[in-house]
Amino acid sequence: MDLFQQQHLTLQNDLINYSQLIRLRETLNHFIRNRTSKQLLAQDSSLIQQIGQFLTRFICCGGQLQRSNEVEAIKNDQVIVMWRHILFDSDNVQIRLNMFPAESETYIHNHRNNLISMSLNGSYQHTTWTVLTSKELPKDDGSCYIERVRHSNGSLSHGELLKGKLQKSCTFEHYPSHFYYLNCQTLHTVKVKKQGERMMSLFVKDKYVLNKYHETKVMEPYDLYQKSDEVLFSCLSRHTSVQQSSEEVLSGDEKNLVLEEMESLLKEAFYSFISRDVVGSNKYIIPRFETR
């Protein structure tokens, strides 16, 4: 096969995989749009896994991520905790790539919308949390936690001290080709543990809002018996250990470097899926669903 034939075959594969991506994302969008609830459901995981598979195949066949789509750097107190690149966005669903730096960790938080995450490259430790109320704890238990509302611009409300205990519910490793469903009310944390290894996931969320009172919350434990009133006052103010987050839209070389790294991770993911006999087969890894 000469160079021209190789290039022609690559182009054909490129177009086939891209058309498959379009078909799959439109199918997902159609499903959600026509549901009474307009919600992303756990049963959508197999379709999302196919989107992830064809995305890695598309990039490996010479395709590129859309340079016209935004790349955002999410920062906590000016430290980057995640990059995200939106692949598809409609009134019903958003599909994007999330890339986490090595040794990063989120606060205990929930989301505004239901989501499904599929790990493409690297891994992180995922933990869900529950709140034990004062009625569920011994009378002499001094457990408290501080709750804040995270506004749409990333700013945090003043902390509210509440009686209760933040308790780990379930912990698992989110590894390549593994996916999970998370209800918008479920509290969780994400921790990338390995040194020098970035983690990238396919992140899909619906646009359904539970009700007008549903909020994105950030929580941290607090022990009344071990901290002074002065520390408590500091914790309840805006300037606390939980930092304000901000979103920066990248451009130029900085944007291109992030996209190139994402493409490199997607290529690695494709060969990893082949070795696991996932891409191009009907063998789907049993999903782990986290609901509340």
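Counting in the working numbering, the sequence shown runs from 99 upward without gaps.
Cβ atoms here follow ideal geometry from the backbone N, Cα and C, with glycine treated the same way.
Minimum C-alpha distance to residue 372 - residue among 360, 152, 138, 226: Within the sequence shown, residue 372 is the residue found at index 274, counting from 1. Ranking 360, 152, 138, 226 by Cα distance to residue 372 puts 152 first.
Cβ-based neighbour list, residue 135, same chain, cut-off 7 Å, excluding 5 preceding and 5 following: For the purposes of this step, residue 135 is taken as the residue at position 37 of the sequence shown. Only 306 meet the Cβ criterion.
Through-space distance from residue 234 to residue 265, alpha-carbon basis: Within the sequence shown, the letter at position 167 stands for residue 265. Within the sequence shown, the letter at position 136 stands for residue 234. Going by the C-alpha atoms only, they are around 12 Å apart.
Beta-carbon proximity of residue 267 to residue 216, cut-off 8 Å: The count along the sequence shown starts at 1 and reaches residue 267 at position 169. The count along the sequence shown starts at 1 and reaches residue 216 at position 118. No.
Proximity below 8 Å, CB of residue 138 to CB of residue 239: Here residue 138 refers to the residue found at position 40 when the sequence shown is read from its first residue. Here residue 239 refers to the residue found at position 141 when the sequence shown is read from its first residue. No, Cβ-Cβ distance for residue 138 and residue 239 is not below 8 Å.
Span separating the alpha-carbon of residue 274 from that of residue 188: Here residue 274 corresponds to residue number 176 of the sequence shown, with the count starting at 1. Here residue 188 corresponds to residue number 90 of the sequence shown, with the count starting at 1. Roughly 27 Å separates the two Cα atoms.
Inter-residue Cα distance where the pair is residue 179 and residue 282: For the purposes of this step, residue 179 is taken as the residue at position 81 of the sequence shown. For the purposes of this step, residue 282 is taken as the residue at position 184 of the sequence shown. When rounded, the distance between both Cα atoms is 21 Å.
Those residues which DSSP pairs with residue 319 across a bridge: Here residue 319 is taken as the residue at index 221 of the sequence shown, counted from 1. DSSP output for residue 319 lists 243 as bridge partner(s).
Beta-carbon contacts of residue 258 that lie in its chain and below 8 Å, excluding the five residues immediately before and after: The residue given as residue 258 occupies position 160 in the sequence shown. Closer than 8 Å at Cβ, skipping near neighbours: 244, 245, 246, 334.
For residue 194, three-class secondary structure by DSSP: Locating residue 194 in the sequence shown gives position 96, where the first residue counts as 1. Here residue 194 sits in strand by DSSP.
Cβ neighbour criterion (16 or more within 10 Å) applied to residue 270: Position 172 of the sequence shown, counted from the first residue, corresponds to residue 270. The residue in question, residue 270, is exposed, as its Cβ has fewer than 16 Cβ neighbours within 10 Å.
7 Å Cβ shell around residue 232 - same chain, five flanking residues per side excluded: Working through the sequence shown from its first residue, we reach residue 232 at position 134. Non-local beta-carbon contacts of residue 232 in its own chain, meaning distances under 7 Å to residues more than five positions away in sequence, involve 261, 262 in chain order.
Residue 120 burial status per 10 Å Cβ neighbour count (16 or more: buried): Here residue 120 refers to the residue found at position 22 when the sequence shown is read from its first residue. The residue in question, residue 120, is exposed, as its Cβ has fewer than 16 Cβ neighbours within 10 Å.
Own chain partners of residue 319 with C-beta closer than 6 Å, once the 5 adjacent residues on each side are dropped: On the sequence shown, position 221 is the one that residue 319 refers to. Counting only Cβ-Cβ distances below 6 Å, and skipping sequence neighbours, we find 243, 264.
Presumed contact (8 Å Cβ cut-off) between residue 360 and residue 163, rounded CB distance: Your numbering for residue 360 matches position 262 in the sequence shown. Your numbering for residue 163 matches position 65 in the sequence shown. The Cβ separation is near 6 Å, so the contact holds.
Local conformation of residue 175 per DSSP, three classes: As a first step, residue 175 must be located in the sequence shown, where it is residue number 77. In the structure shown, residue 175 sits in coil (DSSP, three-state: anything other than H, G, I, E or B).
Residue 408, enclosing beta strand (DSSP E) - first and last residue: Any question about residue 408 goes unanswered here, given that the chain covers just 99 to 390.
Backbone CA spacing between residue 227 and residue 241 [nearest angstrom]: Along the sequence shown, one-based indexing puts residue 227 at 129. Along the sequence shown, one-based indexing puts residue 241 at 143. Our two residues, residue 227 and residue 241, have alpha carbons roughly 15 Å apart in a direct line.
Candidates 248, 172, 289, 253, of which the one nearest residue 209 by Cα: Translated into the one-based positions of the sequence shown, residue 209 becomes position 111. The residue among 248, 172, 289, 253 with its C-alpha nearest the C-alpha of residue 209 is 248.
7 Å CB neighbourhood of residue 171 in its chain, flanking five on each side removed: As a working mapping, residue 171 is identified with position 73 in the sequence shown. Within the same chain, and ignoring the five residues on either side of residue 171 in sequence, the residues whose Cβ sits closer than 7 Å to its Cβ are 178, 181, 346, 348.
Residue 164, DSSP secondary structure in three states: Reading the sequence shown from its first residue, position 66 is the one you call residue 164. In the structure shown, residue 164 sits in coil (DSSP, three-state: anything other than H, G, I, E or B).
Member of 207, 221, 190, 278 whose CA lies at the smallest distance from the CA of residue 199: Walking along the sequence shown from the start, residue 199 turns up at place 101. Out of 207, 221, 190, 278, the CA that lies nearest to the CA of residue 199 is found in 221.
Residue range of the beta strand (DSSP E) that includes residue 138: If you number the sequence shown from 1, residue 138 lands on position 40. Where residue 138 is concerned, there is no enclosing beta strand (DSSP E), given that its DSSP letter is neither H nor E.
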